[in-house]
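Undergrad: Structure incoming, see below.
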Amino acid sequence: MSRDQILAAIQISLNANRPQLLAEAARVTHEPPPFVLPAQDDLAGQFVAEVQKLEGKAYRVATAEEALAIIEQLIIETQARQVIGWDVDQIELPGLAALLAAHGVTPAIADIRGEARQARLQELEPIPICLSGVELAIAESGTLLLRHGPGRPRLASLLSPCHIAIVFERQLVRGLGEALTILLKRYGEEIFGPTSNLTFITGPSRTADIEMTLSLGIHGPPQLHVILVAEG
Amino acid sequence: MTQTIAFYDRVDQALHDTSLQTALNRATTRFIGNRASAIGALCEADRLRDQARAIRAYALAHLDELLPQLAANVEARGGHVCWASDGEEARRYIIELARARGVRSIVKSKSMASEEIHLNEALEHAGFEVVETDLGEYIIQLAGETPSHIIAPAIHKTREQVSALFEQHLGMPPTTEVPPMIRTARRALRQRFLRADMGISGVNFGVADSGAIVIVENEGNARLSTTVPRIHVAIMGIERIVARLADLGVMLQVLARSATGQKMSVYTSLISGPARPGEADGPEEFHLVLLDNGRSRMLGGQYAEALLCIRCGACLNACPVYQAIGGHAYGGVYSGPIGAILTPLLQPDLPDAYLLPQASSLCGACQEVCPVRIAIPDMLLRHRADAVQAGKAHPLEKAAIRGYTLTMTHPAIYRASGKAARLFSRILARKGRFRRLPPPLHLWTKQRDFPAPPPKTFRELWAEHQKRRHQNEV
Chain X
1 MSRDQILAAI QISLNANRPQ LLAEAARVTH EPPPFVLPAQ DDLAGQFVAE VQKLEGKAYR
61 VATAEEALAI IEQLIIETQA RQVIGWDVDQ IELPGLAALL AAHGVTPAIA DIRGEARQAR
121 LQELEPIPIC LSGVELAIAE SGTLLLRHGP GRPRLASLLS PCHIAIVFER QLVRGLGEAL
181 TILLKRYGEE IFGPTSNLTF ITGPSRTADI EMTLSLGIHG PPQLHVILVA EG
Chain D
233 MTQTIAFYDR VDQALHDTSL QTALNRATTR FIGNRASAIG ALCEADRLRD QARAIRAYAL
293 AHLDELLPQL AANVEARGGH VCWASDGEEA RRYIIELARA RGVRSIVKSK SMASEEIHLN
353 EALEHAGFEV VETDLGEYII QLAGETPSHI IAPAIHKTRE QVSALFEQHL GMPPTTEVPP
413 MIRTARRALR QRFLRADMGI SGVNFGVADS GAIVIVENEG NARLSTTVPR IHVAIMGIER
473 IVARLADLGV MLQVLARSAT GQKMSVYTSL ISGPARPGEA DGPEEFHLVL LDNGRSRMLG
533 GQYAEALLCI RCGACLNACP VYQAIGGHAY GGVYSGPIGA ILTPLLQPDL PDAYLLPQAS
593 SLCGACQEVC PVRIAIPDML LRHRADAVQA GKAHPLEKAA IRGYTLTMTH PAIYRASGKA
653 ARLFSRILAR KGRFRRLPPP LHLWTKQRDF PAPPPKTFRE LWAEHQKRRH QNEV
């Protein structure tokens, strides 16, 4: 069986080289640094600036009402009748369900399980807006961390040309190491229990594959709107 | 893909391809600058690279435990694991799986391992429709070519060439603007995703303690390939593993910075098994193919350190040889300095793979930028020694080395050859340079001049110097 063969071959190889590799491994701690860039005074300001550097749109607002006003504007601009979103209660923005209802926007059922998978995907394809919350956001790199799972579909940050992400200031951390530490503390062994997927999103989809020319939105959303809410 | 022309001819072609030269210059200059500023901005770049090296070394030292742990965790989450000793086993597993599930259409996101085992050809031969979805990979698939750069596979294509391909294959109206090309590719590929039955991806890191794989990308094609189709197959070289999820706090900090100068790539996906019962999307089936293909043997030899590689491509951009000849000239899947080490080991069937380690000036720029500090020049030298021991050295090279040894161990011959060289240069050199040398040395002067020896030898200068000193003392 290949499994046993491969493992046996690895063991023979390691008989020769394990001591050397272990010595290399022991040279320095493996503990990741909580952050890697020099400190800045204002975490929220740093996060917003990083998102903008990546050609994302970032809005810093005080209240849920202000956040709703931005979402409303985007609904009007895109003439959305449906959104592919997280369950509204998972986004935790008060008034969101009422806003969507007031504009006649219905949350699409992003459930593609079963036989109707491909037909369902074709129905979802023209929907102009994706709407999600985040688990955490990383100021140093302008990164959103999405923990997908029940009520938090992956397609809700992927399929449409416009992704709106709601971030609360309490969700901000400085660096990647810090984010991973919090995640492990929060979920421990069960981090991949009810979910199969964690995604870090750092700016809108991009490519430079044609003559190194930067272009947005080759596959994922070309527009990323990050609304950073102070309260809540 | 079998190579039909020899290494030196491929190099020659590359050096005379002006649009390739422009593209290489543009890409490598940009990548080098972006990497330097991203690494330079770090508080403790050196320490982070030491940590990255230590984490990878730990993973290799415990590979016999970590691989079974990864496999067990994937299976505990409902995924399937295939242990493939070689490309043949990996290809057979995937083809049989696709047949058993009634798959017709397959989308692929970039995977070096799948290119290493020529998976696309095998799938197409078996009757499946396979589409590469990374834009660069898609372009070269339409053109029927192979990637020229690990990070930017289609850098050798001009926008006019891309426009022509899209016109021919996708019915796009001719244009020299990039945005319409991007929109055309998005539309065409989006339908491929939605209709695909299987998505095949590579793996940047397998995380043993979580049973997760990590995929890093900028476009979103890997997310679509691993979310939309009902089956996801991930192919991973057995060495691409880390022990703990926390290790990503180091590895991801150096990977994107070294590759493109980004702080983080746009999308970093951590995937653990198929969609859970409560999840509305994601694949129904998840298969992880663990590919050995020579790696387990390599782990015990003098090239084990090359298995630390995280495929960032920094050594390619930094290498003056790569900058001049690009990826295709190397002939294998892996190009540049790391490719010159890996290709003779992982693709030994390539007839002139043993020549690749010669394609280096041993300047050390590769090791300087490597995020895990692989001693690339040392290993290139070892490969050269291996080739000589295997009797692969060119007869002229052997003769030259014998001549060199003779000259360097006999002062009289050394003196005579210095005089001969200067006589020779008086006849042939112009302005201190040889434009052309006689065979077999003409190969050197084909692409560049050779400096002529100075009018006086070191020994003569030394004698004069001693004489002057003696006179001054007197």
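Protein chains in written order, with the working numbering: chain X, 1 to 232; chain D, 233 to 706. We put the beta carbon where it would ideally sit given N, CA and C, even for glycine.
Under 8 Å, Cβ to Cβ, is there at least one residue of chain D near Ile112/X?
TA: To locate residue 112/X, count along the first sequence from 1; it is residue 112. It does; some Cβ of chain D falls within 8 Å.
Undergrad: Compute the distance between the beta-carbons of Cys602/D and Ala546/D, then report whether it is under 8 Å.
TA: Position 370 of the second sequence, counted from the start, is the residue given in the question as residue 602/D. Position 314 of the second sequence, counted from the start, is the residue given in the question as residue 546/D. It is a contact, given that the beta carbons lie within the stated cut-off.
Undergrad: Give the DSSP bridge partners of Gly438/D, in chain order.
TA: As a position in the second sequence, residue 438/D is number 206, starting the count at 1. DSSP lists Ile445/D, Ile473/D as partners of Gly438/D.
Undergrad: Can you check whether the CB of Pro576/D is closer than 8 Å to the CB of Leu588/D?
TA: Here residue 588/D refers to the residue found at position 356 of the second sequence. Here residue 576/D refers to the residue found at position 344 of the second sequence. Yes; because the gap between Cβ atoms is below 8 Å, this pair is in contact.
Undergrad: Are the region 158-178 of chain X and the region 80-94 of chain X touching by the rule of at least three beta carbon pairs closer than 8 Å?
TA: Yes: at least three Cβ pairs fall under 8 Å.
Undergrad: I want to verify the contact list: residues of chain X whose CB lies under 7 Å from the CB of Arg285/D, in sequence order.
TA: Indexing the second sequence from 1 puts residue 285/D at position 53. Here the neighbours are Glu24.
Undergrad: For chain X, find out if any of its Cβ atoms is closer than 8 Å to the Cβ of Arg462/D; answer yes or no.
TA: Against the second sequence, residue 462/D aligns to sequence position 230. Taking Cβ atoms only, chain X reaches closer than 8 Å to Arg462/D, which makes this a yes.
Undergrad: Looking at chain D, is there any beta carbon in it that lies within less than 8 Å of the beta carbon of Gly217/X?
TA: Along the first sequence, read from residue 1 onward, the residue named residue 217/X stands at position 217. Answer yes: the Cβ-Cβ gap between Gly217/X and chain D drops below 8 Å somewhere.
Undergrad: Beta carbon of Ala507/D, beta carbon of Leu302/D: below 8 Å?
TA: If you number the second sequence from 1, residue 507/D lands on position 275. If you number the second sequence from 1, residue 302/D lands on position 70. No, Cβ-Cβ distance for Ala507/D and Leu302/D is not below 8 Å.
Undergrad: How big is the Cα-Cα spacing for Val474/D and Met1/X?
TA: As a working note, residue 474/D is residue 242 in the second sequence. As a working note, residue 1/X is residue 1 in the first sequence. Rounded to the nearest angstrom, the two C-alpha atoms are 25 Å apart.
Undergrad: Is there a Cβ of chain X sitting closer than 8 Å to that of Trp315/D, yes or no?
TA: Residue 315/D sits at position 83 when you count from the first residue of the second sequence. Judged by the 8 Å Cβ criterion, Trp315/D is in contact with chain X.
Undergrad: Spatial neighbours of Ala345/D within its chain, please: C-beta separation below 7 Å, excluding the five flanking residues on both sides.
TA: As a first step, residue 345/D must be located in the second sequence, where it is residue number 113. Excluding positions up to five away in sequence, the list reads Gly434, Ile467, Met468, Gly469, Leu523.
Undergrad: Any beta carbon of chain D sitting closer than 8 Å to that of Gly177/X?
TA: For the purposes of this step, residue 177/X is taken as the residue at position 177 of the first sequence. True, the Cβ-Cβ gap to chain D drops below 8 Å.
Undergrad: Per DSSP, what kind of secondary structure is Glu140/X in: helix, strand or coil?
TA: Indexing the first sequence from 1 puts residue 140/X at position 140. Coil, per DSSP.
Undergrad: If we cut at 8 Å on Cβ distances, does Phe47/X have a partner in chain D?
TA: Residue numbering aside, residue 47/X sits at position 47 when the first sequence is read from its first letter. It does not: the Cβ of Phe47/X has no partner Cβ on chain D nearer than 8 Å.
Undergrad: Is there a C-beta anywhere in chain D that falls below 8 Å from the one on Thr106/X?
TA: Along the first sequence, read from residue 1 onward, the residue named residue 106/X stands at position 106. Cβ-Cβ to chain D under 8 Å: no for Thr106/X.
Undergrad: Please report the straight-line C-alpha distance between His312/D and Arg462/D, rounded to a whole angstrom.
TA: As a position in the second sequence, residue 312/D is number 80, starting the count at 1. As a position in the second sequence, residue 462/D is number 230, starting the count at 1. Taking the straight line joining both Cα atoms gives about 14 Å.
Undergrad: Helix or strand or just coil, what does DSSP make of Lys57/X?
TA: Taking the first sequence and counting its residues from 1, one reaches residue 57/X at position 57. Note: Lys57/X maps to strand in three-state DSSP.
Undergrad: Would you tell me roughly how many angstroms separate the C-alpha atoms of Gln590/D and Ser157/X, rounded to the nearest one?
TA: The residue given as residue 590/D occupies position 358 in the second sequence. The residue given as residue 157/X occupies position 157 in the first sequence. The straight-line gap from Cα to Cα measures roughly 47 Å.
Undergrad: Assuming His30/X and Asp479/D make a contact with CB atoms under 8 Å, what is their CB distance in whole Å?
TA: For the purposes of this step, residue 30/X is identified with residue 30 of the first sequence, where counting begins at 1. For the purposes of this step, residue 479/D is identified with residue 247 of the second sequence, where counting begins at 1. With a Cβ gap of about 6 Å, His30/X and Asp479/D count as contacting.
Undergrad: Closer than 8 Å, CB to CB, is Glu511/D near chain X or not?
TA: To locate residue 511/D, count along the second sequence from 1; it is residue 279. Closer than 8 Å: yes.
Undergrad: Just to make sure I have the definition right: I need the residues of chain D whose C-beta is within less than 8 Å of the C-beta of Gln118/X. Which are they?
TA: Residue numbering aside, residue 118/X sits at position 118 when the first sequence is read from its first letter. What Gln118/X touches in chain D: Leu426, Arg427.
Undergrad: Identify, in the order they occur along the chain, each residue of the same chain with its Cβ nearer than 8 Å to the Cβ of Arg654/D, setting aside the five sequence neighbours on each side.
TA: Here residue 654/D refers to the residue found at position 422 when the second sequence is read from its first residue. Excluding positions up to five away in sequence, the list reads Pro685, Pro687, Thr689.
Undergrad: Suppose contacts are defined by Cβ-Cβ distances below 8 Å. Is Arg186/X in contact with Leu43/X by that definition?
TA: As a first step, residue 186/X is located in the first sequence; it is residue number 186 there, counting from the start. As a first step, residue 43/X is located in the first sequence; it is residue number 43 there, counting from the start. The answer is no: Cβ separation not under 8 Å.
Undergrad: Strictly below 8 Å CB to CB, what residues from chain C border Val36/X?
TA: No chain C appears in this structure, whose protein chains are X and D.
Undergrad: Return the bridge partner residues of Tyr499/D from the DSSP annotation.
TA: Within the second sequence, numbered from 1, the residue matching residue 499/D stands at position 267. Beta-bridge pairing links Tyr499/D to Ile201/X, Glu449/D.
Undergrad: Quick one: list the residues of chain D neighbouring Gln171/X, beta-carbon separation under 7 Å, in chain order.
TA: Here residue 171/X refers to the residue found at position 171 of the first sequence. The premise fails here: Gln171/X is roughly 17 Å from chain D at the closest Cβ pair, so nothing lies under 7 Å.
Undergrad: I'd like to know whether the C-beta of Ser13/X is nearer than 8 Å to at least one C-beta of chain D.
TA: What you label residue 13/X is simply residue 13 of the first sequence in a count that begins at 1. Yes, its Cβ sits closer than 8 Å to a Cβ of chain D.
Undergrad: Which term fits Met496/D, buried or exposed, when burial requires 16 or more other beta carbons within 10 angstroms of its beta carbon?
TA: The residue labelled residue 496/D in the question sits at position 264 within the second sequence. By the neighbour-count rule (16 or more Cβ atoms within 10 Å), Met496/D is buried.
Undergrad: The alpha helix (DSSP H) that contains Leu180/X, what's its start and end?
TA: If you number the first sequence from 1, residue 180/X lands on position 180. Residues 176-187.
Undergrad: Distance, Cα to Cα, Ile127/X vs Gln52/X?
TA: One-based indexing of the first sequence puts residue 127/X at position 127. One-based indexing of the first sequence puts residue 52/X at position 52. Looking at the two C-alpha atoms, the distance is approximately 25 Å.
Undergrad: With a threshold of 8 Å between beta carbons, is Arg336/D in contact with chain X?
TA: For this step, residue 336/D is matched to residue 104 along the second sequence. Arg336/D does not count as touching chain X.
Undergrad: By DSSP, does Ala44/X sit in helix, in strand, or in coil?
TA: Within the first sequence, the letter at position 44 stands for residue 44/X. Residue state, collapsed to three classes: helix.
Undergrad: Here's the rule I'm using: 16 or more other beta-carbon atoms within 10 Å means buried, otherwise exposed. How should Cys226/D be labelled?
TA: Here chain D covers residues 233 to 706 and nothing more, so residue 226/D does not appear.
Undergrad: If we count the other Cβ atoms within 10 Å of its Cβ and call it buried at 16 or more, is Asn704/D buried or exposed?
TA: By 1-based counting over the second sequence, the position of residue 704/D is 472. By the neighbour-count rule (16 or more Cβ atoms within 10 Å), Asn704/D is not buried but exposed.
Undergrad: Residues of chain X with CB closer than 8 Å to the CB of Asp296/D, please, in chain order.
TA: Along the second sequence, read from residue 1 onward, the residue named residue 296/D stands at position 64. Simply Leu7, Ile10, Gln11, Leu14.
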